[in-house]
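Protein chains: 2
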Amino acid sequence: MTSAAGARHRGMSHVTCHIAMSLDGYAAGPNQSPENPLGEGGMRLHEWAFDGATDADKEVRELITRGFGAYIMGRRMFGGGDGAWDESWRGWWGEDPPYHAPVYVLTHHEREPLQMQGGTTFHFVIDGIEPALEQARAAAGDADVAIAGGASTVQQYLAAGLLDELYLHIAPVVLGAGERLLEHVGDPRLEPVEVVATPAATHVRYRVIH
Amino acid sequence: MTSAAGARHRGMSHVTCHIAMSLDGYAAGPNQSPENPLGEGGMRLHEWAFDGATDADKEVRELITRGFGAYIMGRRMFGGGDGAWDESWRGWWGEDPPYHAPVYVLTHHEREPLQMQGGTTFHFVIDGIEPALEQARAAAGDADVAIAGGASTVQQYLAAGLLDELYLHIAPVVLGAGERLLEHVGDPRLEPVEVVATPAATHVRYRVIH
Numbered sequence: 001m002t003s004a005a006g007a008r009h010r011g012m013s014h015v016t017c018h019i020a021m022s023l024d025g026y027a028a029g030p031n032q033s034p035e036n037p038l039g040e041g042g043m044r045l046h047e048w049a050f051d052g053a054t055d056a057d058k059e060v061r062e063l064i065t066r067g068f069g070a071y072i073m074g075r076r077m078f079g080g081g082d083g084a085w086d087e088s089w090r091g092w093w094g095e096d097p098p099y100h101a102p103v104y105v106l107t108h109h110e111r112e113p114l115q116m117q118g119g120t121t122f123h124f125v126i127d128g129i130e131p132a133l134e135q136a137r138a139a140a141g142d143a144d145v146a147i148a149g150g151a152s153t154v155q156q157y158l159a160a161g162l163l164d165e166l167y168l169h170i171a172p173v174v175l176g177a178g179e180r181l182l183e184h185v186g187d188p189r190l191e192p193v194e195v196v197a198t199p200a201a202t203h204v205r206y207r208v209i210h
Numbered sequence: 211m212t213s214a215a216g217a218r219h220r221g222m223s224h225v226t227c228h229i230a231m232s233l234d235g236y237a238a239g240p241n242q243s244p245e246n247p248l249g250e251g252g253m254r255l256h257e258w259a260f261d262g263a264t265d266a267d268k269e270v271r272e273l274i275t276r277g278f279g280a281y282i283m284g285r286r287m288f289g290g291g292d293g294a295w296d297e298s299w300r301g302w303w304g305e306d307p308p309y310h311a312p313v314y315v316l317t318h319h320e321r322e323p324l325q326m327q328g329g330t331t332f333h334f335v336i337d338g339i340e341p342a343l344e345q346a347r348a349a350a351g352d353a354d355v356a357i358a359g360g361a362s363t364v365q366q367y368l369a370a371g372l373l374d375e376l377y378l379h380i381a382p383v384v385l386g387a388g389e390r391l392l393e394h395v396g397d398p399r400l401e402p403v404e405v406v407a408t409p410a411a412t413h414v415r416y417r418v419i420h
């Protein structure tokens, strides 16, 4: 019995993750850098959400970009480089980030919460993925918690049995190199429960069976 | 313009490949051996075709196991070990293999054709993937040619631009190690044209755009 399964029994919020993946299993291209955070070719994983999106892609995008009570992300996704914080770094998204909810950033370096416009506040959590999830659950109330990424953060929550749902946007793209999504996750039991197929991506929602 | 694209224009047969892949991109598990040719856990990639198959899975299976005019496979898929042939080895499938058509086996070692029951004849081709495809096309007539596997053979045909269609059976399984399917294939342009979704697999037919 994992805490996530227990959470469902107690009627607590669901923990989900939606993330784009290439056909060869990469969530980002090679040579990620501050100038190119998705890596070379990584933007191609997200074309379904932008150019060429069909109505079905747009519906998926709307579904996954609203209604979460809290988010969790890795430090690299928040950006600003490694080591102690450069406090002038306020994320990639400008003063009104698209989260509109508390965002818990996993880090090894303390930092005061950062309140942005539009309801987004970044909280910096230094004591690991489980305390971060506890805080996110408490903030989310009845709403769901989303693991925003990147790959390493998703891996940690999946490996720990703390993810209830993995929603993959499988792009028809072969990157050949980059950051692999589903390594170091053990052997999770996954069941596809919903598929939305478009020319730009195959969107598959997997339930994680605890 | 690749020869495959040219083939379509001349009304020649289509070259397709259907193959099962784990969510983390493996076509076989680790530690493949004569006793365990699919590798550890590799059988889990094929559960959609056996236990737990829904009617939709069965329809996919029927579609992909009949009607091909010829097949091409790598030597490891045919089996019998490396090096010069042990002529007592007649494949994994018994005296009536499920192909019922000519099968061209890519090898570096000559061997006389092996006529089995039920219409299957194994031909051993030592001069490469393109001559093998020419022979398969000639044998297939108007029918399609299937690249039967394994991963390395699929990679070679995809990288050479000789594949018209890739039909992936994406199993909801994370193998963690094994033989990766889509490496060393360059950057093929793929378009999903059909998806059959079941609890056991997500079957996605990709057109290769030449």
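Going down the list, the sequences are from chains A and B.
When the letters of the first sequence are read in order and numbered with this note's numbering, they come out as residues 1 to 210.
When the letters of the second sequence are read in order and numbered with this note's numbering, they come out as residues 211 to 420.
Think of the CB as a built atom: it goes at the ideal place given N, C-alpha and C, for glycine as much as any other residue.
N- and C-terminal bounds of the alpha helix (DSSP H) containing residue i
{"i": "residue 367 of chain B", "result": "361-369"}
{"i": "residue 63 of chain A", "result": "55-64"}
As assigned by DSSP and simplified to three states, the class of residue i
{"i": "residue 424 of chain B", "result": "Residue 424 of chain B lies beyond the stretch modelled for chain B, which goes from 211 to 420, so this question has no answer here."}
{"i": "residue 166 of chain A", "result": "strand"}
{"i": "residue 39 of chain A", "result": "coil"}
{"i": "residue 203 of chain A", "result": "strand"}
{"i": "residue 389 of chain B", "result": "strand"}
{"i": "residue 208 of chain A", "result": "strand"}
{"i": "residue 239 of chain B", "result": "coil"}
{"i": "residue 69 of chain A", "result": "strand"}
Range covered by the beta strand (DSSP E) that runs through residue i
{"i": "residue 77 of chain A", "result": "Residue 77 of chain A -> not in any beta strand (DSSP E); alpha helix (DSSP H) instead, spanning 75-78."}
{"i": "residue 190 of chain A", "result": "189-197"}
{"i": "residue 18 of chain A", "result": "15-22"}
{"i": "residue 49 of chain A", "result": "Element bounds for residue 49 of chain A: n/a, residue is neither H nor E."}
{"i": "residue 84 of chain A", "result": "Looking at the DSSP string, residue 84 of chain A is not in any beta strand (DSSP E), and its letter there is neither H nor E."}
CB contact flag (residue i, residue j, <8 Å)
{"i": "residue 48 of chain A", "j": "residue 171 of chain A", "result": "yes"}
{"i": "residue 358 of chain B", "j": "residue 287 of chain B", "result": "yes"}
{"i": "residue 71 of chain A", "j": "residue 28 of chain A", "result": "no"}
{"i": "residue 210 of chain A", "j": "residue 18 of chain A", "result": "no"}
{"i": "residue 289 of chain B", "j": "residue 244 of chain B", "result": "yes"}
{"i": "residue 107 of chain A", "j": "residue 122 of chain A", "result": "no"}
{"i": "residue 255 of chain B", "j": "residue 383 of chain B", "result": "yes"}
{"i": "residue 234 of chain B", "j": "residue 25 of chain A", "result": "yes"}
{"i": "residue 362 of chain B", "j": "residue 279 of chain B", "result": "no"}
{"i": "residue 126 of chain A", "j": "residue 110 of chain A", "result": "yes"}
{"i": "residue 191 of chain A", "j": "residue 155 of chain A", "result": "no"}
{"i": "residue 135 of chain A", "j": "residue 99 of chain A", "result": "no"}
{"i": "residue 415 of chain B", "j": "residue 367 of chain B", "result": "no"}
{"i": "residue 96 of chain A", "j": "residue 118 of chain A", "result": "yes"}
{"i": "residue 56 of chain A", "j": "residue 196 of chain A", "result": "yes"}
Indicate whether the contact test is met: 3 or more Cβ pairs, each with one atom in the stretch 153-165 of chain A and one in the stretch 87-96 of chain A, closer than 8 Å. no
Any alpha helix (DSSP H) of 4 or more consecutive residues that is wholly inside the stretch 298-361 of chain B: 339-350
Is there contact between the stretch 348-357 of chain B and the stretch 192-201 of chain A, where contact requires at least three CB pairs shorter than 8 Å? no
Would you check if the stretch 23-41 of chain A and the stretch 179-193 of chain A touch, i.e. whether three or more CB-CB distances between them fall below 8 Å? yes
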